[in-house]
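J.: Structure provided below as structure tokens; questions to follow.
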Amino acid sequence: MMKADKKKGSLQEGPFRKAPIKTPPHVILMYVAIALGFLLLWRTVSERLAVREIPYSEFRKRLAKAEIVRVQISPDAIIGEAIESVEGGSQSIPSASSARARKTFTFRTIPVEDPDLVKDLLNANVEFTGARPDWLSQLVVGWIIPLGFLILIFMIFLRTFRPSSESILSFGRSRAKLIADRSTGVTFDDVAGCDEAKEELKEVVEFLRDPKIYQELGARIPKGVLLVGPPGTGKTLLARAVAGEAKVPFFSISGSDFVEMFVGVGAARVRDLFNQAKQHAPCIVFIDELDAIGRQRGVHISPGNDEREQTLNALLVEMDGFEPNAGIIVLAATNRPEILDRALLRPGRFDRHVIVDLPDVEGRLAILKVHARNKKLAQDVDLRKIAAATPGFSGADLANVLNEAALLAARRRAREITQEDLLKAIEKVIAGPERRSRRINPDEKRRVAYHEVGHALVSAFTEHGEPVQKLSVIPRGRAVLGYTLQMPTEDQYIMTRAELLDKIRSLLGGRAAEEIVFGDISTGAQNDLERATILARQMVAMYGMSDRVGLVSCVQQRSIFLGGDFSQYQLDCSDQTAREIDEEVKHILNSCYTEAKELLTRHVDRLHRVATELLVRETLDGQTFYQLIGKPIQGQASAPSTNPESCTNVDLKGNTNV
2 MMKADKKKGS LQEGPFRKAP IKTPPHVILM YVAIALGFLL LWRTVSERLA
52 VREIPYSEFR KRLAKAEIVR VQISPDAIIG EAIESVEGGS QSIPSASSAR
102 ARKTFTFRTI PVEDPDLVKD LLNANVEFTG ARPDWLSQLV VGWIIPLGFL
152 ILIFMIFLRT FRPSSESILS FGRSRAKLIA DRSTGVTFDD VAGCDEAKEE
202 LKEVVEFLRD PKIYQELGAR IPKGVLLVGP PGTGKTLLAR AVAGEAKVPF
252 FSISGSDFVE MFVGVGAARV RDLFNQAKQH APCIVFIDEL DAIGRQRGVH
302 ISPGNDEREQ TLNALLVEMD GFEPNAGIIV LAATNRPEIL DRALLRPGRF
352 DRHVIVDLPD VEGRLAILKV HARNKKLAQD VDLRKIAAAT PGFSGADLAN
402 VLNEAALLAA RRRAREITQE DLLKAIEKVI AGPERRSRRI NPDEKRRVAY
452 HEVGHALVSA FTEHGEPVQK LSVIPRGRAV LGYTLQMPTE DQYIMTRAEL
502 LDKIRSLLGG RAAEEIVFGD ISTGAQNDLE RATILARQMV AMYGMSDRVG
552 LVSCVQQRSI FLGGDFSQYQ LDCSDQTARE IDEEVKHILN SCYTEAKELL
602 TRHVDRLHRV ATELLVRETL DGQTFYQLIG KPIQGQASAP STNPESCTNV
652 DLKGNTNV
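Following our numbering, the residues of the sequence shown are numbered contiguously, the last one being 659.
And the structure:
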């Protein structure tokens, strides 16, 4: 029965039995050297304490007085036994029996060149012998100490010119971190906002816990699970949760850890990783950033690409080769699935693809509740409003919002985090921290105020405009001189042509307000023009929303990251069609700009009223803004969409393009 359990690789017997601890040879050598050193030191000290050191002249005097009983002569010392001197004693040579009866002591002296020494010893009737050099002293002083010194210098040299964790002969060893206590400290309760992904992975957990239920039906455990999603959505956290729920060992490694400058090292590390995993099966191997080694193979000249392809080939063989990897599940994460090799994505290697997308409002609420467990929140905190105010935020972004709110509360020495702290944290994450120290002259500040009010008024008086939550002329971040915070009433996944046109009008409203009030334009609308142009070009070239160009898609994806914008696409059409696209984009922008100017001209009194109040207060909330323009609030705030004004490019969260 015991043998059967071992063949099956049970967790109780085979893989997890404690292996005998082996002491490295260099450690044993060090212990032996230390023991010999202590032995030599003890011997030397004990001899020194038991022997009286006398000068050679005194030794000759005692020899002349017949006070020397016996000596041992060596090249570097004379050690012997002498009789204690007695004042007024006889000077006659004593007999051996009388000498033993008197008190003696052991002495030691350093010899000098004395050719008459042996003759005098014979005349004094002294027992004397010769002594060979001490072999232990010669061994330690002549061999062990010099060799130990050289070994120490060699070890210091190696530690100086290589990483401390890497041996000179361990290039092919895997760098995977093993969490072998069967508990990663993370469960599915710690992961929120991706319920569908958790349901997909729960089957893997159940298979690891009780595979018999599935094996009786002929099902086999998935060899690989690929987690695909934008950065910050919790792919690594999900992998740790799977290991924590299944209570199995968890190997964690990054794709970049396989690649080295030496060809073949990555493949060796892949083989070593799977060999370690087989010893701990059933287990989970998690490879983060799989695209570092899983790119599509092709003809390359660079040796770096050759090394990456060899590493990928080794991974393909280990996942689905002749030898079955029973009990090993490979979890991998990437945000660039379109560049992965097709052989890696086929069934039999990564059998299951799990999409970990940005959370919706309910998912964001669940994520906020998870990250708020160790936060002291005030009674007025409404996490649902915060979740509604952060569309497009990933789990990492939401965790950052709560952390920034805690820092803001601690800065003002508060004991709890309030709703105002959370709203300020959202603004800080979107537009950056306030920079009240930046001095803006009154003319520029007045222009920025009219610019922001132009955005807000166009949004307020268009049918599909997003409700305004806040206006500010306080500089933020690196290049934001002012901003308009707009909040859509709900998560939006598609947009109509009318909604896109209203969004373009709102973006161009700031520049239109400057021209109406000052009769001139400035560089502050640079980011607005960039975003409006992208929207107009998407309408014409991607979505077929132009009668002139027609129902064609004239772009080719160039982005290798999830969530890329239109700037990462390139046109795929003839020169004539590209020219028509440019003309149609200009037509849309010009018509929207003209309509924005007409709207602001009709409401120019409201424009002056709100801008004057904004210059006095520097910040206006949405309720005050709608009171000043005499219009009811369009909807409850839910998602910040910032319109920054500056002379440099600013691409902020919340300004996501369709």
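Glycine included, each C-beta is placed from N, C-alpha and C at the ideal position.
Taking the DSSP output, what are the residues bridged to Gly225?
T.: Reading the sequence shown from its first residue, position 224 is the one you call residue 225. DSSP output for Gly225 lists Val331 as bridge partner(s).
J.: CB-CB under 6 Å to Glu500, same chain, minus the five flanking residues each way: which ones, in chain order?
T.: Residue 500 sits at position 499 when you count from the first residue of the sequence shown. Excluding sequence neighbours, Glu500 sits near His465.
J.: What would DSSP say about Arg296, mapped onto helix, strand or coil?
T.: Start at 1 with the first residue of the sequence shown, and residue 296 comes out as number 295. Strand.
J.: Is it buried or exposed for Leu153, if we count other Cβ within 10 angstroms and need 16 for buried?
T.: The residue labelled residue 153 in the question sits at position 152 within the sequence shown. The residue in question, Leu153, is exposed, as its Cβ has fewer than 16 Cβ neighbours within 10 Å.
J.: Would you mind sorting His693 into buried or exposed? The rule is 16 or more other CB atoms within 10 Å of its CB.
T.: For the chain, the structure presents residues 2 to 659; residue 693 sits outside this window and is missing.
J.: Measuring only the C-alpha atoms, how far is Ala514 from Tyr594?
T.: Numbered from 1 along the sequence shown, position 513 holds the residue referred to as residue 514. Numbered from 1 along the sequence shown, position 593 holds the residue referred to as residue 594. Cα-Cα distance, rounded: 10 Å.
J.: Can Ile330 and Pro223 be called in contact, C-beta distance under 8 Å?
T.: By 1-based counting over the sequence shown, the position of residue 330 is 329. By 1-based counting over the sequence shown, the position of residue 223 is 222. Going by C-beta atoms, Ile330 is nearer than 8 Å to Pro223.
J.: Which term fits Val33, buried or exposed, when burial requires 16 or more other beta carbons within 10 angstroms of its beta carbon?
T.: Counted from its first residue, the sequence shown places residue 33 at position 32. Val33 should be labelled exposed.
J.: For Ala78 and Pro116, what's the separation of their Cα atoms in angstroms?
T.: Against the sequence shown, residue 78 aligns to sequence position 77. Against the sequence shown, residue 116 aligns to sequence position 115. For Ala78 and Pro116, the distance between alpha carbons rounds to 16 Å.
J.: Quick one: residues in its chain with C-beta nearer than 8 Å to the C-beta of Ile1, no 5 flanking neighbours on either side, listed in chain order?
T.: No answer is possible for residue 1: it lies beyond the span of the chain, which begins at 2 and ends at 659.
J.: Going along the chain, which residues of its own chain have a beta-carbon closer than 7 Å to the beta-carbon of Thr312, five neighbours each way excluded?
T.: If you number the sequence shown from 1, residue 312 lands on position 311. If we look at Thr312 and ignore the five residues flanking it on each side, its Cβ neighbours are Phe259, Val260, Gly267, Ala268, Val271 and Ile294.
J.: Buried or exposed: which applies to Tyr494, given that a residue is buried once 16 or more other Cβ atoms fall within 10 Å of its Cβ?
T.: Here the question's residue 494 lines up with position 493 in the sequence shown. It counts as exposed.
J.: Which whole-angstrom value is the C-beta distance of Ala400 and Val362, which I expect to be below 8 Å?
T.: Working through the sequence shown from its first residue, we reach residue 400 at position 399. Working through the sequence shown from its first residue, we reach residue 362 at position 361. So it is not a contact: roughly 17 Å between Cβ atoms.
J.: Under the three-state reduction of DSSP, which class applies to Ala526: helix, strand or coil?
T.: Here the question's residue 526 lines up with position 525 in the sequence shown. Three-state result, Ala526: strand.
J.: Consult DSSP for Leu118 and reduce its assignment to one of helix, strand or coil.
T.: Here the question's residue 118 lines up with position 117 in the sequence shown. Helix at Leu118.
J.: Using the C-alpha atoms, what's the distance from Glu417 back to Pro250?
T.: In the sequence shown, counting from the first residue as 1, residue 250 sits at position 249. In the sequence shown, counting from the first residue as 1, residue 417 sits at position 416. When rounded, the distance between both Cα atoms is 39 Å.
J.: Look at the alpha carbon of Lys248 and the alpha carbon of Asp191, and state the distance between them as a whole number of angstroms.
T.: To locate residue 248, count along the sequence shown from 1; it is residue 247. To locate residue 191, count along the sequence shown from 1; it is residue 190. Spanning the two alpha carbons is a distance of roughly 16 Å.
J.: Unbroken alpha helix (DSSP H) runs of length 4 or more, entirely within the segment 488 to 557: which are they?
T.: Runs of the alpha helix (DSSP H) inside the segment 488 to 557: 498 to 519 and 527 to 542.
J.: Could you work out which residue in Arg63, Ile630 and Thr578 is closest to Ala1 when comparing CA atoms only?
T.: As shown, the chain starts at 2 and ends at 659. That puts residue 1 outside it, with no answer to give.
J.: The alpha helix (DSSP H) spanning Val70 covers which residue range?
T.: For the purposes of this step, residue 70 is identified with residue 69 of the sequence shown, where counting begins at 1. Careful: Val70 lies outside any alpha helix (DSSP H), inside the beta strand (DSSP E) at Ile69 to Ser75.
J.: Out of Thr524, Leu458 and Ala65, state which residue places its alpha-carbon closest to the alpha-carbon of Val481.
T.: Indexing the sequence shown from 1 puts residue 481 at position 480. The shortest Cα separation from Val481 among Thr524, Leu458 and Ala65 belongs to Thr524.
J.: For Ala83, which residues in the same chain have their Cβ closer than 7 Å to its Cβ, ignoring the five residues on either side in sequence?
T.: As a first step, residue 83 must be located in the sequence shown, where it is residue number 82. For Ala83, where only same-chain residues beyond five positions count, the Cβ hits under 7 Å are Arg63, Glu68, Ile69, Val70, Thr105, Phe106 and Phe108.
J.: Within its chain, find whatever has a CB closer than 7 Å to the CB of His372; leave out the 5 residues flanking it on each side and keep chain order.
T.: Along the sequence shown, read from residue 1 onward, the residue named residue 372 stands at position 371. For His372, where only same-chain residues beyond five positions count, the Cβ hits under 7 Å are Leu399, Ala400 and Leu403.
J.: Look at the Cβ atom of Ala450, then the Cβ atom of Ala612, and state whether they are nearer than 8 Å.
T.: One-based indexing of the sequence shown puts residue 450 at position 449. One-based indexing of the sequence shown puts residue 612 at position 611. Yes, the pair counts as a contact, with Cβ atoms nearer than the cut-off.
J.: Measure the C-alpha to C-alpha separation of Ser96 and Pro112 and round it to an integer number of angstroms.
T.: Counted from its first residue, the sequence shown places residue 96 at position 95. Counted from its first residue, the sequence shown places residue 112 at position 111. Because the pLDDT at Ser96 is just 48, under 50, the model does not fix this residue reliably, and the value given afterwards should be weighed accordingly. Each residue's Cα considered, the two are about 26 Å apart.
J.: So for Ala415, helix, strand or coil by DSSP?
T.: To locate residue 415, count along the sequence shown from 1; it is residue 414. Here Ala415 sits in coil by DSSP.
J.: Can you name, in chain order, every residue of its own chain whose Cβ lies under 6 Å from the Cβ of Leu423, other than the five neighbours on each side?
T.: Sequence index remark: in the sequence shown, residue 423 carries index 422 (1-based). Excluding positions up to five away in sequence, the list reads Ile387 and Ala406.
J.: Quick one: residues in its chain with C-beta nearer than 6 Å to the C-beta of Gly552, no 5 flanking neighbours on either side, listed in chain order?
T.: Residue mapping note: residue 552 aligns to position 551 of the sequence shown, counting from 1. Sequence check: residue 552 is Leu here, not Gly. So the qualifying residues of the chain are Gly545.
J.: Mapping the DSSP letters down to three states, classify Glu82 as helix, strand or coil.
T.: Indexing the sequence shown from 1 puts residue 82 at position 81. Strand, per DSSP.
J.: Quickly, what does DSSP pair Glu128 with across the bridge? List them, please.
T.: Here residue 128 refers to the residue found at position 127 of the sequence shown. Looking at the DSSP assignment, Glu128 forms a beta bridge with Arg71.
J.: Three-state secondary structure (DSSP) at Asp622?
T.: On the sequence shown, residue 622 is found 621 positions in, with the first residue counted as 1. Three-state result, Asp622: strand.
J.: Where do the N-terminal and C-terminal ends of the alpha helix (DSSP H) with His354 fall, by residue?
T.: Working through the sequence shown from its first residue, we reach residue 354 at position 353. From DSSP, His354 is part of no alpha helix (DSSP H) but of the beta strand (DSSP E) over Arg353 to Ile356.
J.: Taking only the alpha-carbon atoms, compute the straight-line gap between Tyr484 and Gly623 and give it to the nearest angstrom.
T.: The residue you call residue 484 lines up with position 483 of the sequence shown. The residue you call residue 623 lines up with position 622 of the sequence shown. Cα-Cα distance, rounded: 13 Å.
J.: Report yes if the C-beta distance between Leu332 and Val469 is below 8 Å; otherwise report no.
T.: Here residue 332 refers to the residue found at position 331 of the sequence shown. Here residue 469 refers to the residue found at position 468 of the sequence shown. Contact: no.
J.: Mapping DSSP to helix, strand and coil, what is Lys598?
T.: One-based indexing of the sequence shown puts residue 598 at position 597. Lys598: helix per DSSP, three-state reduction.
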